[in-house]
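Accompanying notes for the structure given below.
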Amino acid sequence: MMRSLYNYPRLIILLLLLILVAGSAAVTTMPRLEDPHMENRVAFVITRFPGASAERVEALITEKLERKIREVSEVDDISSASRLGLSFITIEMKDEVTDVDRVSSLLRDKINEVTDLPPGSLPPVYDDDRLYSLTSIIGLVWHGEGTPNYAILGRHARELETRLSNVIGTDFVRTFGLPSEEISVTLDDDMLAAMGMSAADVANRIFAADSKNTAGTVSGASNRYVVQVSGAFDSLNGFAPSR
Numbered sequence: 216m217m218r219s220l221y222n223y224p225r226l227i228i229l230l231l232l233l234i235l236v237a238g239s240a241a242v243t244t245m246p247r248l249e250d251p252h253m254e255n256r257v258a259f260v261i262t263r264f265p266g267a268s269a270e271r272v273e274a275l276i277t278e279k280l281e282r283k284i285r286e287v288s289e290v291d292d293i294s295s296a297s298r299l300g301l302s303f304i305t306i307e308m309k310d311e312v313t314d315v316d317r318v319s320s321l322l323r324d325k326i327n328e329v330t331d332l333p334p335g336s337l338p339p340v341y342d343d344d345r346l347y348s349l350t351s352i353i354g355l356v357w358h359g360e361g362t363p364n365y366a367i368l369g370r371h372a373r374e375l376e377t378r379l380s381n382v383i384g385t386d387f388v389r390t391f392g393l394p395s396e397e398i399s400v401t402l403d404d405d406m407l408a409a410m411g412m413s414a415a416d417v418a419n420r421i422f423a424a425d426s427k428n429t430a431g432t433v434s435g436a437s438n439r440y441v442v443q444v445s446g447a448f449d450s451l452n453g454f455a456p457s458r
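Numbering (the numbering used here), first residue to last: 216 to 458.
Right under this line is the structure:
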């Protein structure tokens with residue numbers, strides 16, 4: 216056959232032209248996207264419980280959410296981490312899952328069925344928006360006089376978040392690095408000396424007076440409960456009785 220082709224050079228040229236035309240047509244008609252859609256089969260459930268210990272977060276939040284999440288058959292694996300004031304659960308869907316939106320909807324419904332979370336905890340946040348082909352990161356820097364005013368920076372960051380969310384084509388905007396609220400306690404050295412106390416003694420009394428610290432646990436055949444007393448600090452007024 217090769218000898219026959221050598222005898223007909225025009226046929227060789229015709230075959231080469233056909234191959235070039237077919238290749239060019241395949242390239243030009245191939246579907247292409249600047250930002251291709253990627254299926255995200257990994258999701259996260261984040262629940263905050265300010266002031267609670269890791270053990271308390273595990274017993275009151277993480278274990279309850281995990282039991283509900285496991286009821287979804289499309290879930291392949293669940294891993295969790297309970298830390299001080301934070302429950303973080305990672306959900307991996309099975310590889311054969313094609314309708315990710317449907318499974319995500321089922322997971323949200325199961326999470327919403329958990330209504331017996333402890334008082335003081337924030338609602339669980341289902342986060343599956345972590346796989347994007349195009350992301351822009353913007354940082355705000357303090358250029359004013361003196362030390363940075365994080366309250367003003369935070370206000371500008373929230374305003375910028377609102378404006379960017381209204382831009383056409385923006386899916387979601389998230390702000391990181393906002394300062395958390397804190398209470399500064401100033402001690403009177405003369406009063407401390409008169410009472411024979413140290414700064415560590417005052418800190419220990421404040422820590423003991425805040426009932427976010429658990430009073431103990433009660434274990435049953437299939438459940439574990441954390442004993443909590445009322446009187447957690449939720450405002451500046453709560454510090455007055457701790458003298």
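Even for Gly, the Cβ is constructed at its ideal location relative to N, Cα and C.
All of these numbers come straight from a predicted model, not from anything done at the bench.
Determine the direct distance from the alpha carbon of residue j to that of residue i, and round the result to whole angstroms.
| i | j | result |
| --- | --- | --- |
| His371 | Phe264 | 27 Å |
| Met406 | Glu397 | 24 Å |
| Pro246 | Gly384 | 21 Å |
| Leu229 | Asn222 | 14 Å |
| Phe212 | Val356 | A query on residue 212 cannot be resolved here, the shown segment of the chain reaching from 216 to 458 and no further. |
| Glu374 | Leu393 | 13 Å |
| Met410 | Asp403 | 11 Å |
| Asn419 | Thr377 | 41 Å |
| Pro338 | Ala408 | 45 Å |
| Gly354 | Val315 | 32 Å |
| Asn336 | Thr262 | In the sequence under discussion, the amino acid at residue 336 is Ser, which differs from the Asn named in the question. Going from the Cα of Ser336 to the Cα of Thr262 covers about 7 Å. |
| Met308 | Thr390 | 27 Å |
| Tyr365 | Val417 | 28 Å |
| Leu231 | Thr305 | 54 Å |
| Ala258 | Ser302 | 14 Å |
| Arg317 | Ile352 | 30 Å |
Give the range of the alpha helix (DSSP H) segment to which residue i is assigned.
| i | result |
| --- | --- |
| Asp404 | Asp404 to Met410 |
| Ser320 | Val315 to Asn327 |
| Thr243 | Pro224 to Thr244 |
| Phe272 | The residue asked about is misnamed: residue 272 is Val in this sequence, not Phe. Where Val272 is concerned, the enclosing alpha helix (DSSP H) stretches over Ala269 to Val272. |
| Glu278 | Glu278 to Ile284 |
For the beta strand (DSSP E) containing residue i, list its first residue and its last residue.
| i | result |
| --- | --- |
| Ala372 | It is not in any beta strand (DSSP E) - Ala372 instead sits in the alpha helix (DSSP H) that spans Tyr365 to Ser380. |
| Glu307 | Leu301 to Met308 |
| Arg298 | Val290 to Arg298 |
| Asp342 | Val340 to Asp342 |
Could you give the DSSP three-state label for residue i: helix, strand or coil?
| i | result |
| --- | --- |
| Phe259 | strand |
| Asp416 | helix |
| Phe422 | helix |
| Leu355 | coil |
| Leu332 | coil |
| Leu337 | coil |
| Leu393 | coil |
Mind the definition here: the segment 233-240 touches the segment 271-285 only if three or more C-beta pairs lie below 8 Å; say whether that holds.
-> no
Are at least three pairs of beta-carbons, each pair with one atom in the segment 265-280 and one in the segment 324-338, less than 8 Å apart?
-> yes
Would you call the segment 331-344 and the segment 268-276 in contact, with 3 or more CB pairs under 8 Å?
-> yes
Are the segment 286-301 and the segment 351-365 in contact at 8 Å, needing three or more beta carbon pairs?
-> no
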